[in-house]
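Residue numbers (full-length UniProt numbering): 1 to 269. In this text, a Cβ means the ideal position worked out from N, Cα and C, and glycines have one as well. Since this is a predicted model, take the numbers as computed values, not measurements. Worksheet: the structure to be examined is printed underneath.
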Amino acid sequence: MEEPSRIKTLLRHIKHWLVVKTAPRKNRVYTQFYRFPNQYRALIERIVPRIRAQRDGPLQILVFGCCSGAEPISLASVLKKQFPDLDFHIRAYDIVPEVIERAQSPLYSEEEVFQGPFVTDEFVAETFETTEEGYRVRPDLMSHITFSVGDMLDRVFIEGLGKVDLVFAQNVLFHLPPASARRAFANLNLTLRPGSALFINGMDVDMRVKLTKKFYLDPLEYLIEEIHNDARVDRGNSWAAAYWGRKPFNRRSREWIREHCTIYNKARV
Numbered sequence: 001m002e003e004p005s006r007i008k009t010l011l012r013h014i015k016h017w018l019v020v021k022t023a024p025r026k027n028r029v030y031t032q033f034y035r036f037p038n039q040y041r042a043l044i045e046r047i048v049p050r051i052r053a054q055r056d057g058p059l060q061i062l063v064f065g066c067c068s069g070a071e072p073i074s075l076a077s078v079l080k081k082q083f084p085d086l087d088f089h090i091r092a093y094d095i096v097p098e099v100i101e102r103a104q105s106p107l108y109s110e111e112e113v114f115q116g117p118f119v120t121d122e123f124v125a126e127t128f129e130t131t132e133e134g135y136r137v138r139p140d141l142m143s144h145i146t147f148s149v150g151d152m153l154d155r156v157f158i159e160g161l162g163k164v165d166l167v168f169a170q171n172v173l174f175h176l177p178p179a180s181a182r183r184a185f186a187n188l189n190l191t192l193r194p195g196s197a198l199f200i201n202g203m204d205v206d207m208r209v210k211l212t213k214k215f216y217l218d219p220l221e222y223l224i225e226e227i228h229n230d231a232r233v234d235r236g237n238s239w240a241a242a243y244w245g246r247k248p249f250n251r252r253s254r255e256w257i258r259e260h261c262t263i264y265n266k267a268r269v
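Next comes the structure, spelled out in structure tokens:
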């Protein structure tokens, strides 16, 4: 297939800019297991070792927009494999009671388990017990996770969560109207202790640049392009037509690191 002409590329960028500015935002109930493998690489090679070197005690983790549980379960599986002796707890939240109820019953169909493009047989064997009913999440993984209804727009709720080490709000902020997304981001910042990390794959680019600067969040300059491309693996040229589409990776912008980076360290109060 030929590379798209510069004019076609420019038109796609203009189209996407217009869609981001004008398209109505709406909540989407969708998830996959083992969704961003290069984020997990960054987590295990950079983030967790740094946090463990800085402080003792259990690793406290928040996951927002957890849907039916694929993300926190994948996260627990990765942490358990790479750090067998790690003490950690994941509190996972979603605003939809039905998906939380679904997540609390950790039995999944073959279609649900293998829906993501990066799921491997090794990951499945490490995460699930195969039964006649389907794929059941291993009890030792589920023991690290609690699922609850929660809204990251609710400041009182957020303040009650306390400060934690890792916060995941992936593929959720760009489904909110801009004013709500800014409010949610400010609330997320309340949960970050110095030295913690925020994972925010799926956020309007201009807003990400402004808000990560405003709240003194430093981009993790590691595997940025690889992580970005993980999120585009099944998008093709359709990215331009959706507000949740990801533009192709490029380094031409002065702010390319913050535009593309999805992992940020909280360096200051």
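Simplified DSSP assignment, three categories, for residue i
i, result
"His144", "coil"
"Pro84", "coil"
"Lys8", "helix"
"Leu253", "According to the sequence as given, residue 253 is Ser; it is not Leu. Three-state DSSP puts Ser253 in coil, outside helix and strand."
"Arg246", "coil"
"Cys196", "According to the sequence displayed, residue 196 carries Ser and not Cys. Looking at Ser196 - three-state DSSP - the assignment turns out to be strand."
"Val119", "coil"
"Ile73", "helix"
"Ile95", "coil"
"Cys67", "coil"
"Val78", "helix"
"Val149", "strand"
Extent of the continuous beta strand (DSSP E) run through residue i
i, result
"Glu133", "Per DSSP, Glu133 belongs to no beta strand (DSSP E) and is neither H nor E."
"Ile61", "Leu59 to Phe64"
"Pro219", "Leu217 to Pro219"
Neighbourhood of residue i by C-beta, 6 angstroms cutoff - its chain only, sequence neighbours within 5 removed
i, result
"Tyr34", "Ser74, Gly116, Phe118, Val119 and Phe123"
"Val205", "Glu259"
"Leu211", "Phe185"
"Ala181", "Leu173"
Cβ-based neighbour list, residue i, same chain, cut-off 7 angstroms, excluding 5 preceding and 5 following
i, result
"Arg138", "Thr127, Phe128 and Glu129"
"Asn229", "Phe249"
"Asp218", "Tyr264, Asn265 and Ala267"
"Val233", "Pro117"
Range covered by the alpha helix (DSSP H) that runs through residue i
i, result
"Asp206", "Val205 to Lys214"
"Phe157", "Arg155 to Glu159"
"Gln54", "Val48 to Gln54"
"Arg182", "Pro178 to Leu190"
"Val167", "No alpha helix (DSSP H) contains Val167, which is instead part of the beta strand (DSSP E) from Val164 to Ala169."
"Ile224", "Ile224 to Ala231"
"Tyr264", "Segment Ile263 to Lys266 is the beta strand (DSSP E) holding Tyr264; no alpha helix (DSSP H) there."
"Gln39", "Pro37 to Ala42"
Identity of the residue in the options nearest residue i by Cα
i, options, result
"Leu10", "Lys247, Gln82 and Thr262", "Lys247"
"Ser253", "Cys67, Val209 and Asp165", "Val209"
"Val78", "Met207, His144 and Gly162", "His144"
"Ala197", "Glu112, Glu255, Arg52 and Ile7", "Arg52"
"Gly65", "Pro97, Gln82 and Arg41", "Pro97"
"Ser105", "Phe114, Glu132, Ala76 and Thr146", "Thr146"
"Lys213", "Asn171, Cys261 and Gly202", "Cys261"
"Gly160", "Ile47, Glu45 and Leu62", "Leu62"
"Glu110", "Ala103, Gly134, Arg102 and Ile95", "Gly134"
"Pro68", "Arg55, Tyr108 and Phe36", "Correcting the residue type first, residue 68 is Ser in the shown sequence and not Pro. The residue with the shortest Cα to Cα distance from Ser68 is Tyr108."
"Val164", "Leu59, Leu173 and Leu141", "Leu59"
"Gln82", "Ala103, Glu45, Asp56 and Arg55", "Glu45"
"residue 274", "Glu226, Arg50, Leu220 and Ala179", "Nothing can be reported for residue 274, as the shown portion of the chain is limited to 1 through 269."
Neighbourhood of residue i by C-beta distance below 8 angstroms, restricted to the same chain and skipping five residues each side
i, result
"Ser148", "Arg91, Ala92, Tyr93 and Ile100"
"Ile158", "Met152, Asn187, Leu188, Leu190 and Thr191"
Give a yes or no on contact between the region 186–200 and the region 150–159, applying the rule of three or more CB pairs nearer than 8 angstroms.
-> yes
Taking three-plus beta-carbon pairs below 8 angstroms as touching, is the region 122–129 in contact with the region 85–99?
-> no
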